[in-house]
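So the structure is just underneath, and the comments pick up after that.
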Amino acid sequence: MYHVSFFNLLTGAESPVSEKQEQINNVEYNETLKYKRIFLRKPPYLLIPSYSQLTFEYDPIGRIKKTILPLAQGETSPVVVTTAYNSAFETTETHSSGTSKRTVKNASGEVLYVEDFSSDGTGAKIGFCYDIAGNRIKKSDLNDGSLMSCPSSSAGVPTKDVSGRNQTYWSYDAFGKLKAQSDPDLGVSSYNYNTFGDLTSTTNAKGVTTTFTYDGVGRILTKNIPEGNIQYTYDSFSGSENALGRLVRIEDSNQNKTFSYDKLGRVKKETRVILATTEGNPLPSETAGPYITETRYDLLGRVTRIDYPEHPISHGRMRACYEYGTAGYISGISVQVNTNGILPGYCNKDIVENITYNEFGQTSSLTLGNGITTSYGYDVKGRMVRLNSSGDVGGSNKVLQDAVYSFNPNNNITNVVNHSTDFNTQFVYDYDGLGRLTSANGSYIEPSNSNFTQRFQQSFDYAKNGNLTSKRFHDPLSGNISDVWSYQYTNHQVTNIDSSKSGNDTLVMQYDANGNLTRQRDNVKDLTKRISIDSQDRITQIQDGNNAILGSYWYDESGFRIRKSSLEPKNNVFSNVEILYPSKFFGLEFIESENVISSVNNVYLNGVRIAALNEAGALAYYLTDQVDSVSTVLDDEGNTLSLMQYLPYGDTFVQRGDLNFSPKFNSQELDRESGFYFYNARFYDPGIARFTSADTIIDGELDTQGWNRFSYVKGNPIGAKDPTGHCSTLSTVPCKTQLELGGGGVPPVGRPGSSSGGGNSAGLGAAATGLLANLLGSKDDKPSLPDKPRSTSATPSEAKDMSKAGLDPLNKSDVKNFLDKGNKSGVTHGGNSGTNNKTNASPFEAKNTSTTSGYRYVTKGEVQAIKDTGMLRGGREGETYFTKDLYKSGAKAQERLSLDKKPTHRVEFEISGKPNYEKYGSKVDPLYGQPGKGSEFMTTDPVKVKLINVQPLK
């Protein structure tokens, strides 16, 4: 419930989030109608202004000059942020903890200088130059005290800068298109365009040229690279539905993908054939595919079902079903695994259920399919302060994790205390004024095993530009330093690491002209990695010092890794292990020595892998921490299969149990053959805490730490993660590609593979829809921060009705017309009964309707009648009802749909023809969440159908 003032200003909100708790927000305004004070919730959700108010103060012309944040539990004084307007072009924002940011702009509003500084003496500064058209032509670090010097806009770009100031240059053509750039990490590259402004060729610092061709409407047809051409097909292809104007096929040397769409243009089917199975160590011919992934959506565009690819030998296949609450958040995921490839109509195994949220959209709790419940606690600032997972295991309650978090005024985690049944851990952290981790110490103790106790202590130093300059190893008991690693750099590329214990050049690194690591030598361990890079800056092979192949890798056109071949220890011997990735959801493993192909089906919740199943349905559940690092792996009974803890930058601290689970630090996969984590867009080396290649994305263009293309999450691995290998979750502004940073026109094609997220489009490649990608992996949100529903003033049931009527529930004008029309016709769209008018338009075939399918809940006799006649109700005259609502049990369907008898089966069908329907399609009020209030469609016409599935109900 919302409260508004005479001026239509929001003054309060009441948001019931469960039957037992209610949150109240109040908003006060000053005399100029600007926010003055906002009251936030505090358990038990009562209005306590002295505890939880957020206050703003303004200067005489209405600019915020002071913000006083809510006082969180344990804080003795509030955090205050003040903004000083030093001139019309300069502002300084100062945090009460002692950190400040100074920003200087020119008269056009373009940022010239950004300076971060702190009371502890840390600080950094960057500067920018622009041409007369407002295109950025230079960026430079100003940490040596020198002044910014701007080149002539007609001077072009110089060679790669090696001055240590990390200077980047851009130049443009007469139309503002970027034609050349010089980057301290990526080197010098150039761009050419056709007369329509389409990018036709790029040449990188290695001299590799990539060319592009287009059709008559500007769609890319071919991308020509040294490894082979990539071809794109549009509008029509065999088996592709609703293809006009859309991408239907991508072909490259490693794989082919074909797409089919629903009527709203969302990908409903992807078919992939992997050609790379014949390269390297050839795989059985069956592993080439085709692999089919099918997706279904509801009327609001949310994914409701995903059918995974089949196992190529057993033809077993999994279906995942997604359920949503009335607020639009996902409420549960269930699956069905079938060994014969014929999928049943519903999912009968819960993977996660009872997902609840607080009034701010943060996850409050969830229950895994093995009965383990995870609850999340937050303070008044929205920070997660407690993470608890517990449940019945073997007949007794077991605590899997119970972590309590403490923070400093800058919201950095300073202490984590975790007590569980099997182990206790404690970690203590400290940071510099730029939020970079400077010290960490931790302990792991098993109460039942006094002989197993692990401890560590490390400390770190950084340069002003974000380079990690030293890493110290301490004796965890005495605190004495046992070893110091000193990092040497060329720009942001670490080239040497000297050890006070082992001597100079303990580690030596070499890079190519594009900033890719090509060789790493460990002189202490006498180990060498020789790394091969393709034209798209992706690792394709790693060899040891004797040129023996440790690992080989293949990718599709977007950078998604589709095959990995490596030597791995299996049963105490090294075996060749082949892994195929037909989609993000589905993988195959072939162990050559055993001649067996096994599969794994991955289940994701808000982009994080929470469970995995093999073809027989055996389950593993993943419990994760605040940065999604896997801490515990459980089986379907709640028993612990593996325990893991990590050092700050991702090295393994403790690992107990099964070592073979791939997702570990940040839930990313560890390639054991190299020791690198695969972060989709690129690889990360936890040993040296650096990425192995330069990022093609700038992680915050106005952040002094954001221009370091090799650093990991800007030096804060405790509170931030990097889900895609491009952007950390610390970022408060959109990350930008090199082409976007210049400020000129952005070509339709960026650096190859740079912005794909390495497959974070949920295996759908270039044709993935934003909503599917958000649900299944491309969002950078923490697991406790689920994707929020898109804003609309229509209720969920109203939005559904609008979609059926061909209206956009996100368009304010459509919403107004819809509500006005409802009031005039006697229909109140909040769920109250009014008069229903008939129309000839089918709600399943109207604009914005994705499918002609529906459900009917019936007895066994009607199932046979439908099979015999191809008609609902066997073609008998009278009223025929069916629904879009999915219920798993006959009792629930009877309750929600007000049926006379409890149904025994649910039939899923596609409608043939165009029967007449009730205008708003409601047998009873579509007010969800109440018995007898399910939503149905009714017609008196015969309904001819094509039967899809018949499923017995619980």
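1124 is the number that the working numbering gives the last residue of the sequence shown; the numbers go up by one with no jumps.
Backbone N, C-alpha and C fix where the C-beta goes; we use that ideal spot for every residue, glycine too.
The beta strand (DSSP E) enclosing T463, as first and last residue numbers: That run of the beta strand (DSSP E) goes 461-467.
DSSP-derived helix/strand/coil call for S576: Strand at S576.
Among Y659, T660, K349, R625, the one whose alpha carbon lies nearest that of F643: Among Y659, T660, K349, R625, the Cα nearest to that of F643 belongs to R625.
Rounded Cβ spacing between C1052 and G1083 (contact assumed at less than 8 Å): Checking the displayed sequence, the identity of residue 1052 turns out to be Phe instead of Cys. 14 Å between Cβ atoms; not a contact.
Stretch pair the segment 699-716 + the segment 807-821: three plus CB contacts closer than 8 Å: In the pairwise beta carbon analysis, the segment 699-716 is classified as not touching the segment 807-821: fewer than three pairs are separated by under 8 Å.
Closest residue to G326 among V284, K699, T252, Q351 (Cα-Cα distance): The option with the nearest alpha carbon to G326 is Q351.
Classification of H481 by the beta-carbon crowding that lies within 10 angstroms, buried from 16 upward: H481 should be labelled buried.
P739 classed as buried or exposed, judged by whether at least 16 other C-beta atoms fall within 10 angstroms: P739 is classed as exposed because its beta carbon has fewer than 16 other beta carbons within 10 Å across all chains shown.
Secondary structure of G928, DSSP reduced to three states: Model confidence at G928 stands at a pLDDT of 34, short of 50, so the residue's coordinates are unreliable; what they give is reported in the following sentence. DSSP places G928 in coil when its eight states are reduced to three.
Nearest-angstrom Cα separation, counted from V664 out to L638: Rounded to the nearest angstrom, the two C-alpha atoms are 9 Å apart.
Contained beta strand (DSSP E) runs [length at least 3] in the segment 1038-1083, N- to C-terminal order: Unbroken beta strand (DSSP E) runs of no fewer than 3 residues, entirely contained in the segment 1038-1083, are found at 1050-1053, 1075-1082, following chain order.
Residues of its chain near V1113, where Cβ-Cβ distance is below 7 Å and the 5 sequence neighbours each way are ignored: Contacts found: M1041, L1042, T1050, I1081, P1085.
Opposing strand residues paired with V1115 [DSSP bridges]: V1115 is bridged by DSSP to I1081.
Three or more C-beta pairs below 8 Å linking the segment 666-674 and the segment 343-357: Flag = no, the segment 666-674 and the segment 343-357 do not touch.
Closest residue to P831 among G820, L811, V824, F846 (Cα-Cα distance): In the sequence as displayed, the identity of residue 831 is Phe instead of Pro. Selected option, being the one with the closest Cα: L811.
The segment 770-786 in contact with the segment 558-575 per 3-pair CB rule at 8 Å: No: the two stretches stay apart, fewer than three of their Cβ pairs being nearer than 8 Å.
Cβ contact check for the segment 864-875 and the segment 288-303: 3 or more pairs under 8 Å: Result yes; three or more Cβ-Cβ pairs closer than 8 Å.
CA nearest to the CA of G486, picked from F730, G757, L445: Among F730, G757, L445, the Cα nearest to that of G486 is on G757.
N528 (DSSP reduced to helix, strand or coil): N528 falls in the coil class under three-state DSSP.
Where the beta strand (DSSP E) containing Q875 begins and where it ends: Taken as a continuous stretch (DSSP letters only), Q875 belongs to no beta strand (DSSP E), as it is neither H nor E.
DSSP state of K1089 mapped onto helix, strand, coil: Low local confidence applies: a pLDDT of 40 at K1089 is under 50, so the model's placement there is unreliable, and no value is given.
Span separating the alpha-carbon of S613 from that of F597: Spanning the two alpha carbons is a distance of roughly 7 Å.
Touching by the beta-carbon criterion (3+ pairs, under 8 Å), the segment 419-426 and the segment 393-410: By the Cβ criterion, the segment 419-426 is in contact with the segment 393-410, since at least three pairs of Cβ atoms, one from each stretch, lie closer than 8 Å.
Validate contact between the segment 856-865 and the segment 258-267 using beta carbons, cut 8 Å, 3 pairs: The segment 856-865 vs the segment 258-267: no contact.
Residue burial classification, R700 (beta-carbon count within 10 angstroms, cutoff 16): Label assigned to R700: buried.
Extent of the continuous beta strand (DSSP E) run through F501: Rather than Phe, the amino acid found at residue 501 in this sequence is Ser. Start and end: 500-508.
Whether S769 touches E748 by CB criterion (7 Å): No, these two residues do not count as a Cβ contact at 7 Å.
Rounded separation between W655 and I667 - CA only: If I take the Cα positions, the gap works out to 6 Å.
Inter-residue CB distance, N524 and T533 (contact presumed, cutoff 8 Å): Between N524 and T533, the beta carbon gap of about 11 Å keeps them out of contact (Cβ cut-off 8 Å).
Coil, strand or helix - Q658 by DSSP: Correct three-state label for Q658: strand.
One or two residues paired with N362 in a DSSP bridge: Beta-bridge pairing by DSSP links N362 to S371.
Option in T246, A254, Q1064 with minimal Cα separation from Y228: Looking at the Cα atoms, A254 is the closest of the given residues.
N621, DSSP secondary structure in three states: In this structure, DSSP gives N621 an extended state, which the three-state scheme calls strand.
DSSP-derived helix/strand/coil call for N836: Of the three classes helix, strand and coil, the one that applies to N836 here is helix, per DSSP.
Cβ pair count under 8 Å reaching 3, the segment 793-803 against the segment 886-898: The segment 793-803 is in contact with the segment 886-898.
Counted within 10 angstroms of its Cβ, other Cβ atoms place S289 as buried (16 or more) or exposed: Burial check for S289: the Cβ neighbour count within 10 Å stays below 16, so the residue is exposed.
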